[in-house]
Ligand code: SF4
């Protein structure tokens, strides 16, 4: 198995676990998710637990995030077996947040009971839309009414924190429908809302349809208009935008995702999971069958692995940190990476500050509201030569 520096004594504090199965593949999705492979579930769970055991003692998680796929696309017994099995490998005495992703339609009282029993305290639910015709176009297995039912099941079952995901500016979605969606989400009173504009990813059914003229192409000005309306509605309802696409009630930010945006270390377990530990990053093989085979054979299920040089580490910290509304602390980045972006990229900072896209306040660098609208382009300019 892939191992960090044997001399290393500081345990990894953030753990990601990937469950790669779904009831059906959504046509816009480019995640590592596979449908109709239920027969693989048991061997996959065995492999996941086995991989977790190889990391015992080197991970003391403060946050765990179980994503997919659909982590709840298995029965309650299997859900409890893999969550408890992975958790048993680690010291959970510092655990503050344990999130599991779920989809409306894959949540039952028995599964919620399993989540609560193992210690999950946060569920992130893929609501996506509150219109049946848009959910159908998105290929989702649930209807609009299922989301409210699932949120109720979570609350009755004792899950303390609930986040809802929305997809914005979906094909043919009107602004009135967008406003309705965010209002329905707010009515359910989640602690946190993630709102991502739909993107056409390479290799997806949606992208093929778009190229065939069967779906409208992206229109950035329309997407921004939808995003701005959603931001305003969430702000008025008390959800602060703390990252480009994420909104939370006070104190309800996702601690796990904050770790990614701060570019700190995390370990990923399971097929297709990424890890970033001790200056190295690596990715596990995508195909669950190959993953299972590798773990059974006692081999590292690694697709690729590389060390990250300081200039690239600094860029990655900027790339992730500038997504946060409060931006990054340049003194802190300089101490961490041994390079100061104020020396290496002074011209880029000055140009974007003059253009109104970036602002420097003491040692803090952040995107302005104008910069947030074109964040990828501004951040891309910091890529080291
Ligand atoms: S449920 Fe989520 S992970 Fe699964 S196919 Fe749909 S978008 Fe992808």
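Numbering (the numbering used here), first residue to last: -5 to 379. No residue lacks a Cβ here, since even glycine has one placed at the ideal position from N, Cα and C. All figures in this text were calculated on a predicted structure; none of them were measured in a lab.
State yes or no: is the C-beta of residue i nearer than 6 Å to some heavy atom of the ligand SF4?
i           : result
residue 68  : no
residue 27  : yes
residue 61  : no
residue 198 : no
residue 30  : no
residue 277 : no
residue 23  : yes
residue 93  : no
residue 164 : no
residue 105 : no
residue 201 : no
residue 320 : no
residue 225 : no
residue 329 : no
residue 64  : yes
Which word fits residue i, buried or exposed, when buried means at least 16 other C-beta atoms lie within 10 angstroms of its C-beta?
i           : result
residue 116 : buried
residue 405 : The structure shown does not extend to residue 405, since the chain spans only -5 to 379, so no value can be given for it.
residue 365 : buried
residue -3  : Low local confidence applies: a pLDDT of 49 at residue -3 is under 50, so the model's placement there is unreliable, with the coordinate-based value given in what follows. Residue -3 is exposed by the Cβ-count criterion.
residue 105 : buried
residue 325 : exposed
residue 262 : buried
residue 0   : Unreliable placement is indicated for residue 0, whose pLDDT of 44 sits below 50; no coordinate value is reported for it.
residue 65  : buried
residue 55  : buried
residue 121 : buried
residue 88  : exposed
residue 168 : exposed
residue 93  : buried
residue 81  : buried
residue 425 : Outside the shown range of the chain (-5 to 379) lies residue 425, about which nothing can therefore be said.
residue 374 : exposed
residue 329 : exposed
residue 134 : buried
residue 226 : exposed
residue 363 : exposed
residue 147 : buried
residue 184 : buried
residue 361 : buried
residue 31  : exposed
residue 235 : buried
residue 6   : buried
residue 108 : buried
residue 164 : buried
residue 8   : buried
residue 191 : buried
If I'm right that residue i touches residue j with Cβ under 8 Å, what's the distance once you round it to whole angstroms?
i           : j           : result
residue 83  : residue 112 : In fact, because the Cβ distance is near 13 Å, the residues do not count as touching under 8 Å.
residue 351 : residue 368 : 7 Å
residue 306 : residue 378 : 6 Å
residue 327 : residue 304 : Rounded, the Cβ-Cβ distance is 11 Å, inconsistent with contact.
residue 10  : residue 260 : 6 Å
residue 34  : residue 282 : 6 Å
residue 98  : residue 27  : That belief does not hold up - the Cβ atoms of residue 98 and residue 27 are roughly 16 Å apart, past 8 Å.
residue 102 : residue 139 : Contact flag wrong, Cβ pair sits at about 16 Å.
residue 273 : residue 311 : Residue 273 to residue 311, Cβ: 13 Å. No contact.
residue 254 : residue 314 : 6 Å
residue 162 : residue 189 : 6 Å
residue 308 : residue 331 : 4 Å
residue 20  : residue 131 : That pair is no contact at about 10 Å.
residue 110 : residue 152 : 5 Å
Does the beta carbon of residue i come closer than 7 Å to any beta carbon on chain B?
i          : result
residue 71 : Of the protein chains in the structure, only one exists, and it is not chain B.
State whether the region 213 to 233 contacts the region 35 to 43, with contact taken as three or more CB pairs (one from each stretch) at a distance under 8 Å. no
Is the region 152 to 159 touching the region 194 to 211 in the sense that three or more CB pairs, one from each, lie closer than 8 Å? With a cut-off of 8 Å on Cβ pairs, the region 194 to 211 is not in contact with the region 152 to 159, counting fewer than three such pairs.
Counting Cβ pairs closer than 8 Å, one from the region 7 to 18 and one from the region 119 to 132, do we hit at least three? no
Between the region 338 to 356 and the region 197 to 216, do three or more beta carbon pairs fall short of 8 Å? no
Inter-stretch contact (C-beta, 8 Å, three-pair minimum) for the region 352 to 362 and the region 316 to 323: yes
Three or more C-beta pairs under 8 Å: does that hold for the region 295 to 302 against the region 274 to 285? yes
Would you say the region 265 to 273 touches the region 244 to 253, given that touching needs at least three Cβ pairs under 8 Å? no
Tell me whether the region 222 to 240 and the region 370 to 377 touch, counting them as touching only if at least three CB pairs, one residue from each stretch, are closer than 8 Å. no
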